[in-house]
């Protein structure tokens, strides 16, 4: 296929005419498809239904240390849940707090606590004139929403397949005391599916922040969310690396079972250093008497151990792998060689990142929407929803059925071609 | 029985000697009993075990509007849960947000949000020099812990069987703009078991606060937690009364099923005006994608409707009524006429409030502890843990078995007598 920019005006105009005819056909199909959010599909939820049988009225709801999970108490979670989630997160159970159903909520609360009470005795962020966060871009919109909500200034840092630009991160973090944090999705990143390289993780662990209360917000949302058995990304465990580097308190690490069992009814967790955990527990004791221990027990009894969880993740992979492959096929078949966009080819996680020609992303998303396919809003992957080049689009392949997804991907690539052709034509 | 203060020094000394002999017998029993917290007992938890059967792997986890409860979404809770909890709270489902497992967490978050973002566009409390809360005393220690944690100055307001001293509340609230809230447990109050009178509620609804962002934190924790079928306290519904009074935004009302189903795994809720709810949802959308809808569905399917819940509360009452009566009997039998203390006789809730002679509470609790009976720490019912007269003790009868409770109550009254006798003797 010839690149659009290599076509003559006439060739491209003819191509565009043809594309628009195809688009009209899609419009006539009255589609209503959603590729916007990283939501598991029904089949994925179904594989966890067995969890609903693990606890019934005949079950003993006492956990290993004799605690009745039905009653009040156990602020940081039952031990067997810490062991399970510890294995999942590759952390010692003693370094883990188990929370409610949402790791986003844990991250929000972590920022909120830093605002009102500061970190480890440092000045509460709300008392400072300026608080800044580094935001690897493109990144996760809900991270950026938290920092925006708290009036924290967000500084974009470019991502590469190795992770964030560490030269920039090191320079900024070591020189500016008002930089208090960085959002990271280190494995199968949202939206690219990149996993940070060994060097990147090692440089993170060896940061020398100007601010004593600088923290890495390490959202390891997709730690065990592989698509393939034989080809998996590997990530150095950050807490151990920080300890090794003499920076034990540098990281808050987050994870959950939201995309392992049920997104609305999983369990979330935070792992950190003893100092940070103590700091957090002082606050938590005022916020709650404890999270849902019955649900913690339900998860433990369902998976038994990390091997059960790993087996379970294979079932997820079997369901969503064909969906990723279908989207990647459509991108490859329809766009390859046209010079109208680039995309990532993740080995895990929930997303594919698509970079259109500059200035095209919003129009592509709008056009897909008009034909009934909802994408994540263009710009969402940037702080304040503003992609300066208007080019990044996040593709979430998991939720639609495979058939719907194939249709949606066809339409999406068509929209990319139309908007790109128009753009190139207008500049000829 | 002769009042201790009417005894001669010799009579009282002899009495004290006899009491101490009895105390030594208790010490020899090696007791380990807990009357400290408002925890349901095992039998109470058992009556909710049927809830564990309502959802199994064959169940349809779709709610009435077609939402798959297993997946992400539905920020403010599923509709049928709002209907059930609405009936429980006597509020319109539209005025309700369903949360996670802890109403304490909802209250904490409500204060935290006011600190960082203010209420309905008013200045965030963290930007103010001074923020104060009124605290009816004796009251709930975990309320006071939240306000203390956020550096909010707490002003005690005396309670009577009618509720807080409304003359004082009205004067303070209308004259001091730094007073931003008041903690209320309006029905079967913690620790007295008092229910606010109609006049008290009407005066609350008609407050004219100096601060536009003053809110009543109405923790209706024991709204349907009656001990008797035939003798129940009645409380005017505060949101409706506020609306009637032209003060629709004055109240945040809290409740949960923690003491209805499982304390660790219930569902919590907030009811408020449309303005307040909108204000809250703006924040919540940054904090979470939604709470545990499966657990919401589990509650709805278990109770079906408010009648199911009311029936269920009768079972609770049957279990804990004898416990309250046992403690009240012990108090009556052992202390009546001695002039060493006064106590409340609640018709619901989780506590009995005991007022010892001034200066005696700490010593009584210490003495009970030494013989193996843990009470709520003396002072806990006051802000900063400081009861200025050192006289109030909260008794929590629900958790121990009836036999243990009878023993504990005997020991408690014995400690009251000993400490009181010593006190009176020392002043003779």
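Residue numbers (the working numbering), protein chains in the order written: chain D, 29 to 456; chain Z, 29 to 456. Where a beta carbon is used, it is the ideal one built from N, C-alpha and C, also for glycine. Quick caveat: nothing in here was measured; it's all calculated off a predicted structure.
Have a look at residue i and residue j and give me their C-alpha separation to the nearest angstrom.
| i | j | result |
| --- | --- | --- |
| residue 310 of chain D | residue 81 of chain D | 36 Å |
| residue 418 of chain D | residue 408 of chain D | 10 Å |
| residue 382 of chain Z | residue 360 of chain Z | 12 Å |
| residue 42 of chain D | residue 368 of chain D | 17 Å |
| residue 48 of chain Z | residue 448 of chain Z | 12 Å |
| residue 223 of chain Z | residue 216 of chain Z | 5 Å |
| residue 190 of chain D | residue 40 of chain D | 36 Å |
| residue 34 of chain D | residue 445 of chain D | 14 Å |
| residue 416 of chain D | residue 391 of chain D | 14 Å |
| residue 438 of chain Z | residue 348 of chain Z | 18 Å |
| residue 141 of chain D | residue 154 of chain D | 10 Å |
| residue 327 of chain D | residue 245 of chain D | 25 Å |
| residue 291 of chain Z | residue 69 of chain Z | 11 Å |
| residue 118 of chain D | residue 272 of chain D | 15 Å |
| residue 249 of chain Z | residue 352 of chain D | 49 Å |
| residue 147 of chain Z | residue 185 of chain Z | 24 Å |
| residue 378 of chain D | residue 66 of chain D | 6 Å |
| residue 269 of chain D | residue 233 of chain D | 6 Å |
| residue 59 of chain D | residue 96 of chain Z | 21 Å |
| residue 63 of chain Z | residue 341 of chain D | 46 Å |
| residue 395 of chain Z | residue 384 of chain Z | 14 Å |
| residue 84 of chain D | residue 281 of chain D | 33 Å |
| residue 300 of chain Z | residue 331 of chain D | 40 Å |
| residue 399 of chain D | residue 57 of chain D | 8 Å |
Hey, would you say residue i sits closer than 7 Å to residue j, going by beta carbons?
| i | j | result |
| --- | --- | --- |
| residue 298 of chain Z | residue 125 of chain Z | yes |
| residue 207 of chain D | residue 160 of chain D | yes |
| residue 406 of chain D | residue 389 of chain D | yes |
| residue 76 of chain Z | residue 284 of chain Z | no |
| residue 435 of chain Z | residue 363 of chain Z | no |
| residue 192 of chain D | residue 164 of chain D | yes |
| residue 98 of chain D | residue 112 of chain D | no |
| residue 320 of chain Z | residue 303 of chain Z | no |
| residue 465 of chain D | residue 264 of chain D | For residue 465 of chain D there is no data in the structure shown, the boundaries of chain D being 29 and 456. |
| residue 318 of chain D | residue 94 of chain D | no |
| residue 241 of chain D | residue 123 of chain D | no |
Could you tell me which residues DSSP pairs with residue i in its beta bridges?
| i | result |
| --- | --- |
| residue 345 of chain Z | BP columns for residue 345 of chain Z are empty, so no partner. |
| residue 396 of chain Z | Beta-bridge pairing links residue 396 of chain Z to no other residue. |
| residue 376 of chain Z | Z/254 |
| residue 422 of chain D | D/381 |
| residue 280 of chain D | D/245 |
| residue 112 of chain D | Paired residue(s): none; residue 112 of chain D is not in a bridge. |
| residue 63 of chain Z | Z/403 |
| residue 160 of chain Z | Z/181 and Z/207 |
| residue 192 of chain D | D/187 |
| residue 369 of chain D | D/384 |
| residue 212 of chain Z | Z/246 |
| residue 90 of chain Z | Z/96 |
Find the residues of chain Z that neighbour residue i, judging by a C-beta separation of less than 7 Å, and give them in chain order.
| i | result |
| --- | --- |
| residue 319 of chain D | 129 |
| residue 97 of chain D | 292 |
| residue 81 of chain D | 84 and 85 |
Starting from residue i, find everything on chain D with Cβ-Cβ shorter than 8 Å and list it in chain order.
| i | result |
| --- | --- |
| residue 144 of chain Z | 140, 143, 144, 154 and 178 |
| residue 136 of chain Z | 314, 315 and 316 |
Go ahead and label residue i buried or exposed: buried means 16 or more other beta carbons lie within 10 angstroms of its beta carbon, across all protein chains shown.
| i | result |
| --- | --- |
| residue 214 of chain D | buried |
| residue 116 of chain D | buried |
| residue 426 of chain Z | buried |
| residue 194 of chain Z | buried |
| residue 256 of chain D | exposed |
| residue 357 of chain D | exposed |
| residue 262 of chain Z | exposed |
| residue 456 of chain D | exposed |
| residue 287 of chain Z | buried |
| residue 237 of chain Z | buried |
Starting from residue i, find everything on chain D with Cβ-Cβ shorter than 9 Å and list it in chain order.
| i | result |
| --- | --- |
| residue 132 of chain Z | 314, 315, 316 and 317 |
| residue 78 of chain Z | 85 |
How would you list, in chain order, the residues of chain Z whose beta-carbon sits under 8 Å from the beta-carbon of residue i?
| i | result |
| --- | --- |
| residue 100 of chain D | 65, 67, 286, 291 and 292 |
| residue 243 of chain D | The premise fails here: residue 243 of chain D is roughly 18 Å from chain Z at the closest Cβ pair, so nothing lies under 8 Å. |
| residue 210 of chain D | Ordered by position in chain Z, no residue passes the 8 Å Cβ test against residue 210 of chain D, which lies about 18 Å from the chain. |
For a contact defined as C-beta to C-beta under 9 Å, what are the partners of residue i on chain Z?
| i | result |
| --- | --- |
| residue 70 of chain D | 96, 98 and 99 |
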